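See below for the structure under consideration.
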Amino acid sequence: MSDSSCFIPLFPEPCRAQLPDQFPSPFNNRPHPLAQQAGDELQGWLSRHGAGLHDFDAPEGGKMFGVLVVRDEAGRIGYLRGFSGMLGGEWLVKGFVPPVFDSGARQTFWPAGEAQLMAYRAEIEGLVQSPARQALLVEMARLQRQQDAEGVALKARHKARKGSRHRQRARGAETAAEAQALLAQLALESQNDKRELRRWRAQWQSKTAALQAQLAEIETQISALKTARAKRSKQLHQQLFATYVLTNRLAEQREISAFFEQQHPPGGAGDCAGPKLIHYALRHGLTPLALAEFWWGAAPKQGVRQHGRYYPACRGKCRPILPFMLRGLEVQPAPALGEGVDASAPAVVYEDEHLVVVNKPHGLLSVPGREVTDSVLRRMQQRYPDASGPLLVHRLDLSTSGLLLVAKCASIHKALQKQFIQRTIHKRYVAILSQALPEGVDEGLVSLPLRVDLDDRPRQLVCHRYGKAAQTRWQVVTRGEGSTRV
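Heads up: the sequence shown begins at 1293 in the working numbering, then just goes up one per residue.
Structure below.
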């Protein structure tokens, strides 16, 4: 079915030599020149008209956009425009491709289901903020403070009496009979203190039991509502993903859930710009030629995205589905991690009977990944078959080159790793920034918690909830035209 409502011709029209022989892998870091030309046109359009569609400068206002260079049935070369998720709170925006899901099927259950989830949320919030629960929490907190104060005083009295008994035992008595009587008396006092502590604990348990029972009743209601809401939410999302039916040039069709473990796609799967663009092209008689995606607007709080920069399709959501959607096209193979790294790498910088220091090249994993096993660790295992223990003491990112410590035995590995844990080992990196820092800005500290991006491994992202503390002190070495060496 041909459709031209989203088709934008490329001017000047590319000649045959400019067209790609194969569909470039959507996981390449650099887009095809024609796709970048189309992307640059869209960026220019967004600079002029984007403010009326969406607040890109607001916190979390940034958005991933995509362009797909296509050939229509008449042989004309043009491109389609798309965005990830929603734009300005809307799924449908004039001039951009629509979402993948069947909006008619979605409409039969989603509005009512969403209202049900909102009702659950309101009921839960009502119980959480209810005067009865808040009053119980206040009273429990007051009693806890009182109990803590009494406990401190009681502990101090018992400690003082214990010290007194210790001194009396040390002084002893004049006769054996007196000593026996003294010890019996001190033992009785010790037992009395223990009984007093047990009575005190029982009294406080009795004081708070009624309040705890009332609070537990409310908490049980809240927990039951949360469980019901989670169950309904799961059902809704299963129905929702059933409306995402993907296709390809071979006329094969599959629901999106089929491409993910336990048929449970991550949130937003199928809503990225790439799948939306390819889905539209295939359903409207257009031949996909090249894809490009870029970030527009404020950077997200989690992860690293730069305004106007091009990025490959994400691994977590798009990698499982794009190969199926591109079946029937001649597609360039996805770039392999470690591809092109010399077999003799990494070079040895220092070696003795205990450890090895190697220079890891960029493009080689430190440890095996889910899909690629070639790594520094595997190469070290082959190079030192008699070594014991985990070998690699620390890691470097795929695209980072630098020195890695390799321990030849478990005890040396443990000793070196302890130094990393205690932060007695300092690492220095050299980086070239893509912009020139202003004069006077010569040093600083980057302190952000990092964790793996579960939707886009092996990349990392900033996460204040689950990330590990990471600090990098930086200092300018030299400044150049449009760049800074730090």
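Each residue gets a CB set at the ideal place from its N, CA and C atoms; glycine is no exception.
Note that the structure is predicted; figures quoted are calculated from it, not measured.
Inset, instruction - Could you round the C-beta distance between His1571 and Leu1538 to whole angstroms and report it? I think they count as a contact, below 8 Å. - result: Contact flag correct, Cβ pair sits at about 7 Å.
Legend entry - Residue environment, Trp1337, which counts as buried when at least 16 other CB atoms sit within 10 Å: Result: exposed.
Legend entry - Whether Leu1578 touches Gly1566 by CB criterion (8 Å): For Leu1578 and Gly1566, no; Cβs fall outside 8 Å.
Inset, instruction - Put Arg1607 into one of helix, strand or coil per three-state DSSP. - result: Annotated three-state conformation of Arg1607 is coil, per DSSP.
Inset, instruction - Determine the DSSP secondary structure at Arg1521, reduced to helix, strand or coil. - result: Under the three-state reduction of DSSP output, Arg1521 falls in the helix class.
Legend entry - Start and end residues, beta strand (DSSP E) containing Ala1584: Where Ala1584 is concerned, the enclosing beta strand (DSSP E) stretches over 1579–1588.
Inset, instruction - Please indicate yes or no: does the CB of Leu1528 lie closer than 7 Å to some heavy atom of the ligand MN? - result: Of the ligands one can find in the structure shown there are none, so the ligand MN has no counterpart to examine.
Legend entry - Whole-angstrom C-beta distance between Arg1607 and Asn1540, which should lie under 8 Å: Not a contact, Cβ separation roughly 20 Å.
Inset, instruction - Specify the secondary structure class of Lys1652 as computed by DSSP and reduced to three states. - result: Correct three-state label for Lys1652: strand.
Inset, instruction - Within the same chain, show all residues whose beta-carbon is closer than 8 Å to that of Val1650, passing over the 5 residues directly before and after it, in chain order. - result: Answer for Val1650: Pro1638, Ala1639, Val1640, Val1641, Val1668, Met1672, Leu1695, Leu1696, Val1698, listed in chain order.
Inset, instruction - Examine the Cβ distances between the stretch 1295–1310 and the stretch 1588–1605 and report whether three or more of them are shorter than 8 Å. - result: Three or more beta-carbon pairs separated by less than 8 Å are not found between the stretch 1295–1310 and the stretch 1588–1605, which leaves the two stretches without contact.
Legend entry - Cβ pair count under 8 Å reaching 3, the stretch 1516–1527 against the stretch 1337–1346: Not touching, per the Cβ criterion.
Legend entry - Burial state of Ile1704, where buried means 16 or more other Cβ atoms lie within 10 Å: So Ile1704 ends up on the buried side.
Inset, instruction - Return the Cβ separation of Leu1647 and Lys1700 in integer angstroms, given the expectation that the two are a contact with Cβ distance under 8 Å. - result: Between the beta-carbon of Leu1647 and that of Lys1700 there is about 6 Å, and that keeps the pair under the 8 Å contact cut.
Legend entry - For Ala1762, three-class secondary structure by DSSP: DSSP places Ala1762 in coil when its eight states are reduced to three.
Inset, instruction - Kindly list the residues whose CB is nearer than 8 Å to the CB of Ala1761, restricted to its own chain and excluding five residues on each side of it in sequence; keep chain order. - result: The residues are Ser1739, Pro1741.
Inset, instruction - Note the first and the last residue of the continuous beta strand (DSSP E) segment covering Ala1699. - result: 1694–1699 is the extent of the beta strand (DSSP E) around Ala1699.
Legend entry - Length of the line joining the Cα atoms of Cys1610 and Ser1693: Within the model, the alpha-carbon separation for Cys1610 versus Ser1693 is close to 28 Å.
Legend entry - Exposure label - Gln1329; buried when at least 16 CB within 10 Å: Taking all protein chains in view, the Cβ of Gln1329 is crowded by 16 or more other Cβ atoms within 10 Å, so the residue is classified as buried.
Inset, instruction - Would you please verify whether the beta carbon of Ala1452 is less than 8 Å from any beta carbon of chain B? - result: In the structure shown, chain B does not exist; there is a single protein chain.
Inset, instruction - Give me the Cβ distance between Ala1520 and Tyr1412, rounded to the nearest whole Å; I'm assuming they're in contact under 8 Å. - result: In this structure Ala1520 touches Tyr1412 by the C-beta definition: roughly 7 Å separates them, less than 8 Å.
Legend entry - Assigned exposure category for Tyr1536 - 16 Cβ within 10 Å defines buried: Counting Cβ neighbours within 10 Å, Tyr1536 comes out buried, since at least 16 surround it.
Inset, instruction - Count the other CB atoms, across all protein chains shown, that sit within 10 Å of the CB of Asp1347; report buried if there are 16 or more and exposed otherwise. - result: Taking all protein chains shown into account, Asp1347 has fewer than 16 neighbouring C-beta atoms within 10 Å of its C-beta and is therefore exposed.
Legend entry - Sub-8 Å separation of Gly1354 and Gly1589 beta-carbons: The answer is yes: Cβ separation under 8 Å.
Inset, instruction - Report yes if the CB atom of Phe1393 is closer than 8 Å to the CB atom of Gln1531, and no otherwise. - result: Cβ distance not < 8 Å, so Phe1393 and Gln1531 don't count as in contact.
Inset, instruction - Find the nearest neighbour of His1654 within the set Arg1546, Glu1773, Leu1690, Leu1409, judged by alpha-carbon distance. - result: Among Arg1546, Glu1773, Leu1690, Leu1409, the Cα nearest to that of His1654 belongs to Leu1690.
Inset, instruction - In the DSSP assignment, find the unbroken alpha helix (DSSP H) run with Val1444 in it and report its ends. - result: For Val1444, the enclosing alpha helix (DSSP H) stretches over residues 1423–1463.
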